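In what follows, a single structure is set out as structure tokens and then discussed.
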Amino acid sequence: MSLQAQSVVIAGGGSTYTAGIVMMLIKNQEKFPLRRLTFYDTNQARQDLVAKACEVIIKERAPHIAFSATTDPKQAFSDVDFVMAHIRVGGMKMREQDEKIPLKYGVVGQETCGPGGMAYGMRSIPAVIQLIDYMEQYSPEAWMLNYSNPAAIVAEATRRLRPDAKIINICDMPVAIKKSMADILGLESENEIVDRYYGLNHFGWWTEMTDRKGNDLMPKLKEHVKNYGYAAVEEEGNPLLGEASWLDTFQKAKDVYAVDPETLPNTYLKYYLYPDYVVAHADQTRTRANEVMENREKHIFEECQRVFEKQTAVDTSIEAGEHAEFIVQLAGALAYNTYERMLLIVENKGAILNVDSEAMVEVPCIVSKRGYEPLCMGAIPEFQKGMIEQQVSVEKLVVQAYMEQSYQKLWQALTLSKTVPSAAVAKQILDEMIEVNQEWWPRLH
Ligand code: G6P
Ligand code: MN
Numbered sequence: 011m012s013l014q015a016q017s018v019v020i021a022g023g024g025s026t027y028t029a030g031i032v033m034m035l036i037k038n039q040e041k042f043p044l045r046r047l048t049f050y051d052t053n054q055a056r057q058d059l060v061a062k063a064c065e066v067i068i069k070e071r072a073p074h075i076a077f078s079a080t081t082d083p084k085q086a087f088s089d090v091d092f093v094m095a096h097i098r099v100g101g102m103k104m105r106e107q108d109e110k111i112p113l114k115y116g117v118v119g120q121e122t123c124g125p126g127g128m129a130y131g132m133r134s135i136p137a138v139i140q141l142i143d144y145m146e147q148y149s150p151e152a153w154m155l156n157y158s159n160p161a162a163i164v165a166e167a168t169r170r171l172r173p174d175a176k177i178i179n180i181c182d183m184p185v186a187i188k189k190s191m192a193d194i195l196g197l198e199s200e201n202e203i204v205d206r207y208y209g210l211n212h213f214g215w216w217t218e219m220t221d222r223k224g225n226d227l228m229p230k231l232k233e234h235v236k237n238y239g240y241a242a243v244e245e246e247g248n249p250l251l252g253e254a255s256w257l258d259t260f261q262k263a264k265d266v267y268a269v270d271p272e273t274l275p276n277t278y279l280k281y282y283l284y285p286d287y288v289v290a291h292a293d294q295t296r297t298r299a300n301e302v303m304e305n306r307e308k309h310i311f312e313e314c315q316r317v318f319e320k321q322t323a324v325d326t327s328i329e330a331g332e333h334a335e336f337i338v339q340l341a342g343a344l345a346y347n348t349y350e351r352m353l354l355i356v357e358n359k360g361a362i363l364n365v366d367s368e369a370m371v372e373v374p375c376i377v378s379k380r381g382y383e384p385l386c387m388g389a390i391p392e393f394q395k396g397m398i399e400q401q402v403s404v405e406k407l408v409v410q411a412y413m414e415q416s417y418q419k420l421w422q423a424l425t426l427s428k429t430v431p432s433a434a435v436a437k438q439i440l441d442e443m444i445e446v447n448q449e450w451w452p453r454l455h
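Quick note: to get the numbering used here, add 10 to the position in the sequence shown (first position is 1).
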């Protein structure tokens, strides 16, 4: 039986991840056939660069897909089954500010965690809401699968501002970690692992891991993580991960794990549990934003230009990563009713028993045509509960600050973050962030 072909729009057509998603979509034409693929972006020049290469790739590998790129919302969002969104409001230049301003005050400077994530959140909220509104206006039956960061704050904003929207907020970090786990265990793919996990986005813990036969994988994983974190081995030269900063994050999971050896942690917890270490190892003049601009962004744009000039992608280095794999798998589950189990960011409603039922949590869900159905993870221990409650309030305060245009609430949000040492430091960081974000944030009073 042949599957019904889908129409997808990628919002954030100029993203460094877009070409990888296209590669993954092409690779999956049997499992997730496309009739139409559209790019949408507000930055036409940036999108054109990616689009002209993808046009070559699609012509060469999947000419049945009707491809176009546009900055016109009506054209982009009409006749669409799925919106795959990964936008970055303010671009990498603002990521650099989000990372560098907190560092000046000895505070973690990170894209999604701490003050940087809150600043980014204030920029992302109106733009993601705008995408939802376009989708609802032009393709009310469609699903939006949203990678746009900071996913935790964006998810809370969509819960408050568009509670009935067909949006699913997602993150590829657990998938990336599970890939490393599969390597550690000698399994072929992370899809062989069945997990139980609870927390918030970039803030969670695994409690159980089994293979498909039900064998417990936790003892072997714990033994490894205790010594090496999620990296393959301690010695350099044989890392699972190509980039030094990511390798460090995967190795640091060893110390994050030590705080609670009952569970296996998300790597992002290092920013909350070892902020002193993170700040001490940061370079205030060259943060992750600079690395990405000099590496991934430069590579992708040069490669797109090369493919366009040669008018062929036979020898291209553009690859489909886990980011792409996960979103395509999710779309497939919704379109073709596969009942796959996936970690999604959803309203708690009792999935984590002793956490605020209105919190946006990350838990395993069963995904089918009906949407997603969260699995109950039960009650969680005091340590995680305390950390989660604090962080949920931070995320809720940011969204309240946005909705009420409240300086006071945003100051409270920064002050409450585990990454920030005092209200005084929070205020200094906030005041600098307001200055550089005038173009994007609502005016606070
Ligand atoms: C992971 C996270 C994303 C985050 C990305 C940053 O994939 O899940 O939320 O945006 O890492 O990676 P980068 O290479 O840009 O620092
Ligand atoms: Mn993420």
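Cβ atoms here follow ideal geometry from the backbone N, Cα and C, with glycine treated the same way.
Model, not experiment: these values are computed from the prediction.
Heavy atom of the ligand G6P within 6 Å of residue i beta-carbon
i	result
residue 296	no
residue 159	yes
residue 288	no
residue 302	yes
Any non-hydrogen atom of the ligand MN closer than 6 Å to residue i Cβ
i	result
residue 183	yes
Environment of residue i [buried if 16+ CB atoms lie within 10 Å]
i	result
residue 174	exposed
residue 401	buried
residue 336	buried
residue 298	buried
residue 51	buried
residue 327	exposed
residue 388	exposed
residue 448	exposed
residue 28	buried
residue 248	In this predicted model, residue 248 has a pLDDT of only 45, less than 50, meaning its place in the structure is not dependable; the value taken from the coordinates is given anyway. Exposed, by the Cβ-count rule.
Residue closest to residue i, alpha-carbon to alpha-carbon, out of the options
i	options	result
residue 222	203, 231, 35 and 342	203
residue 140	129, 156, 33 and 188	156
residue 409	220, 37, 71 and 133	133
residue 83	128, 269 and 145	145
residue 417	80, 62, 129 and 346	129
residue 365	94, 374 and 209	209
residue 181	346, 374, 199 and 273	374
residue 197	419, 178, 444 and 225	225
residue 96	21, 31, 55 and 70	21
residue 200	214, 211, 185 and 206	185
residue 293	111, 25 and 29	111
residue 188	36, 169 and 218	218
residue 271	137, 390, 232 and 455	232
residue 287	148, 167, 113 and 61	113
Touching or not, the stretch 321 to 332 and the stretch 57 to 69, by the rule of three or more beta carbon pairs under 8 Å? Yes: at least three Cβ pairs fall under 8 Å.
If we require 3 or more residues per run, which beta strand (DSSP E) segments fall completely within the stretch 116 to 143? For secondary structure counted as the beta strand (DSSP E) over 3 or more consecutive residues, the stretch 116 to 143 holds no complete run.
Are the stretch 402 to 417 and the stretch 360 to 376 in contact at 8 Å, needing three or more beta carbon pairs? Three or more beta-carbon pairs drawn from the stretch 402 to 417 and the stretch 360 to 376 are found closer than 8 Å, and the two stretches are therefore classed as touching.
So does the stretch 85 to 92 actually touch the stretch 119 to 130, counting three or more Cβ pairs closer than 8 Å? With a cut-off of 8 Å, the stretch 119 to 130 and the stretch 85 to 92 do not count as touching, because too few Cβ pairs lie within range.
Would the stretch 188 to 198 and the stretch 355 to 365 be scored as touching if the rule is three or more Cβ pairs under 8 Å? In short, these stretches do not touch, since the Cβ pair count stays below three.
At 3 residues or longer, and completely inside the stretch 367 to 398: list those beta strand (DSSP E) runs for me, N to C. Fully enclosed beta strand (DSSP E) runs of 3 or longer: 370 to 378 and 381 to 384.
Between the stretch 254 to 266 and the stretch 157 to 173, do three or more beta carbon pairs fall short of 8 Å? Short answer: they don't touch.
Do the stretch 227 to 244 and the stretch 264 to 272 touch if we need at least three Cβ pairs shorter than 8 Å? Between the stretch 227 to 244 and the stretch 264 to 272, the count of C-beta pairs closer than 8 Å reaches three or more; the two stretches touch.
Let me know the alpha helix (DSSP H) ranges lying completely inside the stretch 13 to 56, each 4 residues or longer, listed in chain order. As far as the stretch 13 to 56 is concerned, its whole alpha helix (DSSP H) runs of at least 4 residues are 28 to 37.
Whether or not the stretch 69 to 79 and the stretch 39 to 47 are in contact is what I'm after, with contact meaning three or more pairs of Cβ atoms, one per stretch, closer than 8 Å; do they touch? Touching, yes.
Does the contact criterion of 3 or more C-beta pairs under 8 Å hold for the stretch 275 to 288 versus the stretch 301 to 316? Taking a contact to require three or more Cβ pairs closer than 8 Å, the stretch 275 to 288 and the stretch 301 to 316 do not qualify as touching.
Which ranges would you report for the alpha helix (DSSP H) in the stretch 56 to 95 if only whole runs of at least 4 residues count? Listed in chain order, the complete alpha helix (DSSP H) runs (minimum 4 residues) inside the stretch 56 to 95 are 83 to 87.
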